[in-house]
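A.B. asks: I am attaching a structure below and will ask some questions about it afterwards.
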Amino acid sequence: MDVPRDELERALRETLSRQAATLRPLAVDPAGLAIRRANRTRRRRTLTGIALAGAATVLVSAGVAQFGAQAGHPTTPTVVLGDPRGATATPAPSLVASPSAGPARSLPGPGGSAVDLIVGTTLRTTGNESIPLGLGAVDRAQRVPDQGGWLVVGGPTAAGRALVSVRPGGSRQVLLAGAEAIALAATGRQVAWRDGDRITLAGIVGDRLVAITSTAAPGPAVPVGFVGDAVLVRLDPTRPGYAVWRPAVGGLSAGPGGAVLAVHGTLPDGRAVGVVSTGTSGRPCLALLDPARNLAVTRTACGPLLDADGFGAVSADGRWLLANGRTGASKAAGALLVDLDTLDGTPVARRAGPALAGVVAWTPARTAGYVDGRGWLVQVRPDRVLAGEQADAAPVSGIDPGGRPVVVTDVGP
């Protein structure tokens with residue numbers, strides 16, 4: 039039944055007046071306030087609908103324009119943030135058991151893989167499940183705190199990179215798409231990306247990005263990781279030099295990080311572990327860096343010749359660094375296990391296995407997994423390396439020719 043608006047307003051005023059008859063007079067008209075709030079809400083909904091319709095028109099027009107762009111005149115992709123309030127997550131696919139950890143899977147060690155793996159377009163978990171991702175190439179992935187699933191960063195495409203949240207049941211939600219570069223915090227609670235001439239930072243809560251802020255990106259600078267709550271930025275992917283961005287302090291500041299060749303992680307006290315060029319020869323040496331002072335060097339320790347390829351990671355307890363390098367008279371690079379408790383003198387490093395060719399994933403049990411140049415999965419246990427044993431290495435089944443698996447990093451401190 040339709041009731042005229044004037045009658046509804048009059049009835050509301052009479053009802054509220056009767057309820058307030060025994061109270062002291064108020065400085066405002068409650069009925070009028072309620073009506074004005076309703077009017078404002080109605081206007082906001084109308085304006086929001088118009089804005090969304092306009093945004094949809096712009097996006098469609100931009101898509102048509104980009105598809106129609108001439109070759110040789112590339113257009114810059116625009117990041118699109120996923121909105122779980124207005125979009126339905128991709129339903130969970132049927133989960134299947136992974137091949138056993140025996141010969142068919144060819145994983146090293148008696149217990150199979152100690153880390154989750156992405157093989158092709160499938161996530162293989164240590165719990166022996168396979169989750170179809172429904173994505174193309176994957177650059178990297180990491181676990182989410184409290185067994186909340188995984189965050190997956192897609193490889194580069196003509197439309198940019200995407201960040202996807204994958205739940206334990208297999209459902210998927212795109213958090214953002216169209217980014218030039220994406221970096222995740224080890225905690226799984228923050229993400230930074232480059233879009234156009236801006237670097238943007240956001241928190242991750244469930245399947246939603248919150249507290250979004252951005253700063254100008256100088257030249258080809260891209261986010262590559264985090265040191266604490268600060269975004270670690272490589273100023274030029276083809277040259278040495280890093281910077282940090284702390285939104286609470288201001289914009290991106292290069293500071294003294296120009297001599298930094300690589301940053302591999304942080305210690306429990308917040309200092310970063312990296313490689314810097316030293317002396318007139320530019321010899322690469324281990325260094326402890328202070329993120330609060332724009333990666334100022336607080337200590338250097340020279341010994342093993344560490345590579346500046348960026349591959350490597352610090353264990354969660356801050357005791358070990360696994361990175362590429364050479365020791366003694368060896369000319370061939372390999373994975374070195376460096377004891378970070380020896381940085382007061384000459385760092386003690388031991389050959390642990392074949393050279394790293396991708397991300398290193400440390401587990402809570404202090405086992406490190408990585409992929410070597412052959413595409414094999416290598417697993418390193420410090421206690422075995424100290425005993426003079428080499429790492430376990432074996433191929434992974436299901437890899438396409440020329441492909442390689444991606445190890446999934448665990449949640450960091």
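Residues in the sequence shown are numbered from 39 upward in steps of one, following the numbering used here.
Cβ atoms here follow ideal geometry from the backbone N, Cα and C, with glycine treated the same way.
From a predicted model like this one, the values you see are computed outputs, not experimental measurements.
(1) Please work out which residues of its chain come closer than 7 Å, Cβ to Cβ, to residue 189, disregarding the five sequence neighbours upstream and downstream, and give them in chain order.
(2) Applying the criterion that 16 or more other CB atoms from any shown protein chain within 10 Å of the CB defines a buried residue, is residue 272 buried or exposed?
(3) Kindly indicate which three-state DSSP category residue 438 falls into: helix, strand or coil?
(4) What residue ranges within the segment 168-213 form continuous beta strand (DSSP E) runs of no fewer than 3 residues, ordered along the chain?
(5) Taking the C-alpha atoms as reference points, what is the distance between residue 240 and residue 376?
(6) Mind checking residue 303: buried by the 16 CB within 10 Å criterion, or exposed?
(7) Is the segment 253-262 touching the segment 304-322, taking contact as three or more C-beta pairs under 8 Å?
(8) At 3 residues or longer, and completely inside the segment 222-258: list those beta strand (DSSP E) runs for me, N to C.
(9) What does a CB cutoff of less than 6 Å around residue 419 pick up in its chain, not counting 5 residues either side in sequence?
(10) Is it right to say residue 424 is buried, meaning 16 or more other beta carbons lie within 10 angstroms of its own, or is it exposed?
(11) So, residue 407 versus residue 444, is the Cβ gap smaller than 7 Å?
(12) Which residue's Cα is closest to the Cα of residue 284: 297, 268 and 320?
(13) What I want to know is whether the C-beta of residue 168 ends up closer than 6 Å to one or more non-hydrogen atoms of the ligand NAP.
(14) Assuming residue 385 is part of the alpha helix (DSSP H), what are its boundary residues?
(15) In three-state terms, what does DSSP make of residue 399?
(16) State the Cα-Cα distance for the pair residue 341 and residue 363, rounded to the nearest angstrom.
(17) Using 8 Å as the threshold, is the segment 334-354 in touch with the segment 424-443, meaning 3 or more CB pairs across them?
(18) Compare the C-beta of residue 167 against all C-beta atoms of chain D and say whether one is closer than 7 Å.
(19) Going by DSSP, what residue range makes up the beta strand (DSSP E) through residue 299?
(20) Could you tell me the alpha carbon to alpha carbon distance between residue 224 and residue 451, rounded to whole angstroms?
(21) To the nearest angstrom, how far is the alpha carbon of residue 172 from that of residue 270?
(22) Could you tell me the distance, in whole angstroms, from the CA atom of residue 432 to the CA atom of residue 228?
(23) Going along the chain, which residues of its own chain have a beta-carbon closer than 6 Å to the beta-carbon of residue 205, five neighbours each way excluded?
(24) Taking the continuous alpha helix (DSSP H) assigned at residue 420, which residues delimit it?
(25) Please report the distance separating the alpha-carbon of residue 447 from that of residue 242.
C.D. replies: Checking against the coordinates, here is how it stands:
(1) Counted from its first residue, the sequence shown places residue 189 at position 151. Excluding the 5 residues flanking it on each side, residue 189 has same chain C-beta neighbours closer than 7 Å at 179, 180, 182, 201, 203, 222 and 226, in chain order.
(2) Against the sequence shown, residue 272 aligns to sequence position 234. The residue is buried, with at least 16 neighbouring Cβ atoms inside 10 Å.
(3) Your numbering for residue 438 matches position 400 in the sequence shown. Three-state result, residue 438: coil.
(4) As far as the segment 168-213 is concerned, its whole beta strand (DSSP E) runs of at least 3 residues are 176-181, 188-192 and 199-204.
(5) Position 202 of the sequence shown, counted from the start, is the residue given in the question as residue 240. Position 338 of the sequence shown, counted from the start, is the residue given in the question as residue 376. Approximately 33 Å between the Cα atoms of the pair.
(6) For the purposes of this step, residue 303 is taken as residue 265 along the sequence shown, with counting starting at 1. Around the beta carbon of residue 303, 16 or more other beta carbons lie within 10 angstroms, which makes this residue buried.
(7) These segments do not touch.
(8) List check, beta strand (DSSP E) in window: 228-233, 236-243 and 246-254.
(9) By one-based count along the sequence shown, residue 419 stands at place 381. Take residue 419, set aside five residues on each side of it, and the residues of its chain with a beta-carbon closer than 6 Å to its own are 405, in chain order.
(10) For the purposes of this step, residue 424 is identified with residue 386 of the sequence shown, where counting begins at 1. Residue 424 is exposed by the Cβ-count criterion.
(11) Here residue 407 corresponds to residue number 369 of the sequence shown, with the count starting at 1. Here residue 444 corresponds to residue number 406 of the sequence shown, with the count starting at 1. In this structure, residue 444 does not lie closer than 7 Å to residue 407 by Cβ.
(12) Indexing the sequence shown from 1 puts residue 284 at position 246. It is 268 whose Cα lies nearest to the Cα of residue 284.
(13) No copy of the ligand NAP appears in this structure; indeed no ligand is present at all.
(14) Reading the sequence shown from its first residue, position 347 is the one you call residue 385. Per DSSP, residue 385 lies in no alpha helix (DSSP H) and is assigned neither H nor E.
(15) What you label residue 399 is simply residue 361 of the sequence shown in a count that begins at 1. Here residue 399 sits in strand by DSSP.
(16) Along the sequence shown, one-based indexing puts residue 341 at 303. Along the sequence shown, one-based indexing puts residue 363 at 325. Just so you know, the alpha carbons of residue 341 and residue 363 end up roughly 10 Å apart.
(17) Touching, no.
(18) Looking for chain D here will not work: only one protein chain is present.
(19) Within the sequence shown, the letter at position 261 stands for residue 299. It spans 298-304 - the beta strand (DSSP E) in which residue 299 sits, taken as one unbroken run.
(20) Translated into positions along the sequence shown, residue 224 becomes position 186. Translated into positions along the sequence shown, residue 451 becomes position 413. If you draw a straight line from the Cα of residue 224 to the Cα of residue 451, it comes to about 7 Å.
(21) As a position in the sequence shown, residue 172 is number 134, starting the count at 1. As a position in the sequence shown, residue 270 is number 232, starting the count at 1. Between the alpha carbons of residue 172 and residue 270 lies a distance of about 30 Å.
(22) The residue you call residue 432 lines up with position 394 of the sequence shown. The residue you call residue 228 lines up with position 190 of the sequence shown. The straight-line gap from Cα to Cα measures roughly 34 Å.
(23) Within the sequence shown, the letter at position 167 stands for residue 205. 187.
(24) By one-based count along the sequence shown, residue 420 stands at place 382. It spans 420-424 - the alpha helix (DSSP H) in which residue 420 sits, taken as one unbroken run.
(25) Numbered from 1 along the sequence shown, position 409 holds the residue referred to as residue 447. Numbered from 1 along the sequence shown, position 204 holds the residue referred to as residue 242. Their backbone Cα atoms lie some 17 Å apart in a straight line.
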